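Using the working numbering, the letters of the sequence shown correspond one by one to residues 1 to 372.
A virtual CB, placed ideally from N, CA and C, is assigned to each residue, including glycine.
As the structure is a prediction and not an experimental result, all values here were calculated from the model.
Notes follow the structure.
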Amino acid sequence: MADPPRRGGFDPTGCADRAGRRRRVGARRHSDGISRRESLPADDAAPRRTAGDVVRPGGRRGRQGKRDRALGRGRAGRRPRAVRRLGWRIGAGGLSRSGRCIRGGHVSSVRPGRLRSRPRVGEQERPVSEVVFIGTSDAFGAGGRRQSAVFARGERGGMLFDCGGTTNTGLSDLGISRDEIDVILISHFHGDHFGGIPAFLYAALYTDHRKHALEIVGPPEIEARIHALADAMGHNLGGREWSFPVQYREVQAGERLAAGPAQIEAFATQHQPEANPQGYRVQLGREQIAYSGDTGWFEGLPGHIAGSDLFICECTLCNRELDFHLSLEELREHRDDFDTNRLILTHLGEEMSRERGKIELETADDGMAVKL
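Written as structure tokens, this is what we have:
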């Protein structure tokens with residue numbers, strides 16, 4: 001009976017018993033302690049290796065050899081043929097093609113021809129600030145959305161830009177804990193921007209049993225205005241024992257102060273003066289966020305937000321109708337004046353809420369999250 005074809009040989013009958021051949025080879029391996037490759041004739045055999053030798057032909061021993069094999073390298077450190085044919089790259093950052101790096105199931109963009117490396121041992125990847133829009137409507141809940149509130153999470157803590165009456169509901173819906181908020185920054189004293197503070201304080205006291213301090217920063221009279229609001233709602237903030245310190249801090253236009261994780265700079269805006277309106281430029285970690293609050297167009301606005309990573313800008317109206325609220329018409333006219341990496345429109349009125357996602361400028365929606 002003819003022997004079955006050798007490894008790499010051709011069986012013209014196609015009748016070789018592969019399973020039996022595996023069993024016979026396996027039996028030889030266990031009986032005489034040699035490998036299948038070594039059992040072949042010398043003229044067809046690969047370089048000899050023992051059970052303890054992990055070196056591939058043309059490869060390297062030890063840790064470098066293991067790394068080559070982990071990256072799919074064969075002879076002389078070459079990549080698998082399929083990988084070379086498809087134009088993929090293998091590097092410390094993972095498997096990539098056309099400037100995209102795949103690592104752990106996540107696809108991220110990198111510069112074409114360049115791979116993003118993993119952090120060294122003991123290093124951490126650069127933290128990224130995240131902005132979550134809690135409420136994006138005007139004062140009247142246009143489009144069924146919540147009143148103004150924007151949560152920003154930085155390297156050293158979190159803060160709120162404004163705190164409308166629906167803020168607690170939004171935080172709960174989006175799974176954001178009030179304990180993450182170290183600073184509440186108020187732009188002006190209209191109910192859809194600061195009306196949620198009394199309820200926030202009570203929830204922090206009775207529901208969260210908060211212990212760490214909270215800073216509430218805003219225009220002059222911030223403490224008196226909040227206490228007057230709470231009194232009008234039947235709450236007496238002053239006659240209560242708090243489990244956590246509450247610090248009220250005033251900041252006027254042109255002033256800077258440090259609060260919690262943020263460096264805050266205030267500027268005056270074009271809105272109803274009795275509400276003490278202000279906008280802000282905030283340094284949160286490595287990122288700068290500009291926030292308009294409520295305002296109409298004024299010539300100094302582009303200068304206040306220049307160089308920011310994100311400008312959160314109100315856009316209540318579609319057409320120019322009021323001098324104390326911005327419109328889409330005005331923002332289109334002045335778009336090139338804004339030196340910012342990203343412009344997102346919020347505080348959308350009824351007509352603007354219907355234009356959301358249909359216009360060339362980016363619009364916010366409740367629950368929208370962006371990373372900087």
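Please tell me whether Leu284 and Gly154 are closer than 7 Å, where the distance is taken between their beta carbons. Remark: C-beta atoms of Leu284 and Gly154 approach each other more closely than 7 Å.
7 Å Cβ cutoff met for Arg326 and Cys318: Here residue 326 is Leu; the residue named in the question, Arg, does not match the sequence. No, they are not a contact pair.
Straight-line Cα distance separating Arg156 from Ala369: Roughly 19 Å between the two C-alpha positions.
Please return the same chain residues whose Cβ sits closer than 8 Å to the Cβ of Arg67, not counting the five positions on each side in sequence. At Arg67 the pLDDT is 48, less than 50, meaning the model places this residue with poor confidence; the figure from the coordinates comes in the next sentence. Leaving aside the five residues that flank Arg67 on each side, none in its chain has a CB nearer than 8 Å to its CB.
When you compare only the Cα positions, how much space is there between Ala199 and Cys163? Rounded to whole angstroms, Ala199 to Cys163 spans 10 Å at the Cα level.
Phe338 versus Glu250, Cys313, Pro245, residue with shortest Cα-Cα distance: Per the C-alpha coordinates, the member of Glu250, Cys313, Pro245 positioned closest to Phe338 is Cys313.
Enumerate in chain order the residues of its own chain whose CB-to-CB distance from Ala253 is below 7 Å, with the five nearest sequence positions on each side excluded. Cβ within range, chain order: Ala266, Phe267, Ala268, Gln278.
Nearest by alpha-carbon distance to Tyr206: which of Thr340, Ile226, His334, Asp179 is it? Nearest C-alpha to Tyr206: Asp179.
Using CA coordinates, which residue listed in Arg210, Val131, Ile305 is at the minimum distance from Val246? Ranked by how close their Cα comes to the Cα of Val246, the residues Arg210, Val131, Ile305 have Arg210 in first place.
When the distance is taken between beta carbons, is Gln147 closer than 7 Å to Gly175? No, the pair does not count as a contact, with Cβ atoms beyond the cut-off.
Out of Ser137, Glu130, Ser129, state which residue places its alpha-carbon closest to the alpha-carbon of Asp366. The shortest C-alpha separation from Asp366 is found at Ser137.
Lys358 to Asp208 span [Cα, whole Å]: Distance between the alpha carbons of Lys358 and Asp208 is about 40 Å.
Just the C-alpha distance for Leu201 and Glu360, rounded to the nearest angstrom, thanks. Whole-angstrom Cα-Cα distance: 39 Å.
Count the other CB atoms, across all protein chains shown, that sit within 10 Å of the CB of Asp182; report buried if there are 16 or more and exposed otherwise. Looking at its Cβ environment, which holds 16 or more other Cβ atoms inside 10 Å, Asp182 is buried.
Might you give, ordered along the chain, the residues of its own chain that have their beta carbon closer than 6 Å to the beta carbon of Gln272, omitting 5 neighbours on each side? Phe324, listed in sequence order.
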